[in-house]
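All residue numbers for the sequence shown refer to the working numbering, where the first residue is 173 and numbers rise by one. We treat Cβ as the ideally placed atom computed from N, Cα and C, and that holds for glycine. One structure is given below, encoded as structure tokens.
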Amino acid sequence: GRELIAAEELLQRWQLGYIETLRPRMLLQRCALNPDYSLQQLPELLRRTPDTAAVMLGGQLGASLLTNKMSPDSAVLYINPKQQLKLMLQLHLTPDPNGEISLLAPFGKRVLWSGWQPEGLNLVDPLLTYAELASDGQSAKAADILYSQHLLPRLS
Numbered sequence: 173g174r175e176l177i178a179a180e181e182l183l184q185r186w187q188l189g190y191i192e193t194l195r196p197r198m199l200l201q202r203c204a205l206n207p208d209y210s211l212q213q214l215p216e217l218l219r220r221t222p223d224t225a226a227v228m229l230g231g232q233l234g235a236s237l238l239t240n241k242m243s244p245d246s247a248v249l250y251i252n253p254k255q256q257l258k259l260m261l262q263l264h265l266t267p268d269p270n271g272e273i274s275l276l277a278p279f280g281k282r283v284l285w286s287g288w289q290p291e292g293l294n295l296v297d298p299l300l301t302y303a304e305l306a307s308d309g310q311s312a313k314a315a316d317i318l319y320s321q322h323l324l325p326r327l328s
């Protein structure tokens, strides 16, 4: 068998590549949630959305659901670009270049995490959420938790 020797270095390089190269290509839209709703209500809005299976949560909101260790200020939603406008209407999102919600097109076939999922929601692989948080200086503690609980066991 083969053994991966520099797994942590590879993870750091992947994270930089994701943030600098891949993520900008995946960005569909930055949005703001309708002022009548808070970011903490977004999971419930998603549960009530008929197309919720087409939405995967990541970023700070995904990390808060996964770790219960942070109060999110932003969210990343991975969605099918063909359903973007429909989902924006259903979730009460308006285009805003400074909005707290980023809509990204998923890449590849392994974006959805196969581990624990909150009822009625889909989380992206913690690797993606970690990359989002580790590049955001405000979320270092949550990134460390994701790393130790979900990524380190995979690197071993």
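Query	Result
Taking the alpha-carbon positions, what's the Arg-202 to Met-228 distance?	16 Å
With DSSP run on the structure shown, which of helix, strand or coil describes Ile-177?	coil
Which of helix, strand or coil does DSSP assign to Ser-286?	coil
Between the Cα of Leu-341 and those of Ala-315, Leu-205, Gly-234 and Ser-243, spot the shortest distance and give me the residue it belongs to.	Residue coverage of the chain in this structure runs from 173 to 328, which leaves residue 341 outside it and unanswerable.
Going along the chain, which residues of its own chain have a beta-carbon closer than 8 Å to the beta-carbon of Leu-218, five neighbours each way excluded?	Thr-224, Val-227, Leu-229, Leu-263, Gly-292 and Leu-293
Use the C-beta contact count for Gly-231: other C-beta atoms within 10 angstroms, 16 or more gives buried, fewer gives exposed.	buried
Considering only C-alpha positions, which residue in the set Ser-311, Asn-240 and Leu-261 is nearest to Pro-290?	Asn-240
Below 8 Å between beta carbons: does that hold for Leu-323 and Tyr-302?	yes
Please classify Gly-230: does DSSP put it in a helix, a strand, or coil?	strand
Below 8 Å on the Cβ atoms is my guess for Ala-178 versus Leu-327; work out the distance and round it to an integer in Å.	Not quite, the Cβ-Cβ distance comes to about 10 Å (not below 8 Å), so this is no contact.
Excluding the 5 residues flanking Ala-165 on each side, which residues of the same chain have their C-beta closer than 6 Å to its C-beta?	Since the first and last residues shown for the chain are 173 and 328, residue 165 lies out of range.
At which residue ranges does the stretch 201-288 contain complete alpha helix (DSSP H) runs of 4 or more residues, listed in the order of the chain?	214-220, 231-239 and 256-262
If you drop the 5 nearest sequence neighbours on each side, which residues of the same chain put their C-beta closer than 6 Å to that of Leu-300?	Gly-230
For Leu-293, does the three-state DSSP call read helix, strand or coil?	coil
Verify whether the separation of the beta carbon atoms of Glu-272 and Asp-316 is less than 8 Å.	no
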